[in-house]
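Everything below concerns the one structure shown next.
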Amino acid sequence: MLEGGIIQPSSSPWSSPIVLVTKKNGSTRFCVDYRRLNDITIKDSYPLPRIDDSLDALSGAKWFSTLDMKSGYWQVEMDPHDKSKTAFITTSGLYEVNVLPFGLCNAPATFQRLMERVLKGLHWQTCLLYLDDIIVFSKTFDEELVRLTQVFNRIKEAGLKLNLRNAVCSSQKYHTWDTWCLVRAFPPIQLKSKQ
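Every number in the working numbering is 51 more than the matching position in the sequence shown, counting from 1.
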């Protein structure tokens with residue numbers, strides 16, 4: 052992370068502890084415990100999309116493509132005035148984050164707002180957004196290609212990057228596809244297919 056410019060050495064008066072979390076595959080994920088910082092942070096109330104609105108938008112679509120932003124939060128630079136607040140302590144010293152880290156209470160709202168600005172005019176008509184997941188939907192294959200191109204161009208113009216290894220395009224009908232699309236984009240929620 053240091054070599055990649057994600058973090059930098061810090062002399063901040065702030066400090067949060069790190070937590071190492073074991074992932075399902077046995078590898079370790081590095082996390083910072085920002086609970087104390089979050090307790091004193093003014094909360095951003097920017098809304099995340101509602102499931103029922105998303106299902107309504109997908110109604111009638113037959114083509115669905117799911118896209119995932121590459122290290123989504125890490126594509127957002129931290130405000131220079133706030134970097135010091137992200138400081139965390141390790142056995143190697145104190146570091147702060149140069150990009151939007153996971154764990155900050157306002158990170159989801161910040162990222163959702165950014166993506167809605169980038170895809171303004173396309174959101175709800177051409178694609179759905181949920182944080183770093185995008186679902187492009189259409190009624191025909193040709194329309195899907197046009198819409199994918201529009202989304203790709205907007206993301207490129209904004210200087211953002213997609214993780215194309217996770218991209219999926221399918222011609223499944225909505226009534227059998229809605230659960231997969233929305234569970235992928237909204238992982239904590241279990242949905243039933245409309246049949």
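No residue lacks a Cβ here, since even glycine has one placed at the ideal position from N, Cα and C. A quick note: this is a predicted structure, and the numbers were derived from the prediction, not measured.
Suppose contacts are defined by Cβ-Cβ distances below 8 angstroms. Is residue i in contact with residue j by that definition?
{"i": "Leu-214", "j": "Lys-121", "result": "One detail in the question is off: residue 214 reads as Asn in this sequence, not Leu. Yes, the pair counts as a contact, with Cβ atoms nearer than the cut-off."}
{"i": "Met-166", "j": "Val-150", "result": "no"}
{"i": "Cys-220", "j": "Ser-110", "result": "no"}
{"i": "Ser-61", "j": "Ala-138", "result": "yes"}
{"i": "Ser-63", "j": "Ser-135", "result": "yes"}
{"i": "Arg-164", "j": "Tyr-85", "result": "no"}
Which of the three DSSP states, helix, strand or coil, is assigned to residue i?
{"i": "Met-129", "result": "coil"}
{"i": "Ile-69", "result": "strand"}
{"i": "Glu-147", "result": "strand"}
{"i": "Asp-184", "result": "strand"}
{"i": "Arg-101", "result": "coil"}
{"i": "Phe-81", "result": "strand"}
{"i": "Ile-206", "result": "helix"}
{"i": "Gln-59", "result": "strand"}
{"i": "Phe-139", "result": "strand"}
{"i": "Asp-119", "result": "strand"}
{"i": "Leu-165", "result": "helix"}
Tell me which same chain residues have a C-beta within less than 6 angstroms of the C-beta of residue i, skipping the five on either side of it?
{"i": "Leu-71", "result": "Thr-79"}
{"i": "Ile-306", "result": "Nothing can be reported for residue 306: it is not among the residues displayed for the chain, which extend from 52 to 246."}
{"i": "Val-202", "result": "Cys-178 and Val-187"}
{"i": "Ile-185", "result": "Leu-118 and Cys-178"}
Is it buried or exposed, residue i, if we count other Cβ atoms within 10 angstroms and call 16 or more buried?
{"i": "Ile-91", "result": "exposed"}
{"i": "Arg-198", "result": "buried"}
{"i": "Leu-180", "result": "buried"}
{"i": "Ile-93", "result": "exposed"}
{"i": "Glu-147", "result": "buried"}
{"i": "Pro-239", "result": "At Pro-239, the pLDDT of 42 sits below 50, so the modelled position is not reliable; the number obtained from the coordinates is stated separately. With fewer than 16 Cβ atoms within 10 Å of its Cβ, Pro-239 is classed as exposed."}
{"i": "Glu-208", "result": "exposed"}
{"i": "Glu-195", "result": "buried"}
For residue i, which residues in the same chain have their Cβ closer than 8 angstroms to its Cβ, ignoring the five residues on either side in sequence?
{"i": "Asp-183", "result": "Asp-119, Met-120, Gly-123, Tyr-124, Phe-162 and Met-166"}
{"i": "Cys-82", "result": "Ile-69, Val-70, Leu-71, Val-72, Phe-153 and Gly-154"}
Could you pull out every residue in the same chain whose Cβ sits closer than 7 angstroms to the Cβ of residue i, ignoring the five residues on either side in sequence?
{"i": "Pro-159", "result": "Leu-99 and Leu-182"}
{"i": "Met-52", "result": "Ile-58"}
Is any heavy atom in the ligand MN found nearer than 7 angstroms to the beta carbon of residue i?
{"i": "Asp-119", "result": "The ligand content of the structure shown is nil, which means the ligand MN is not present either."}
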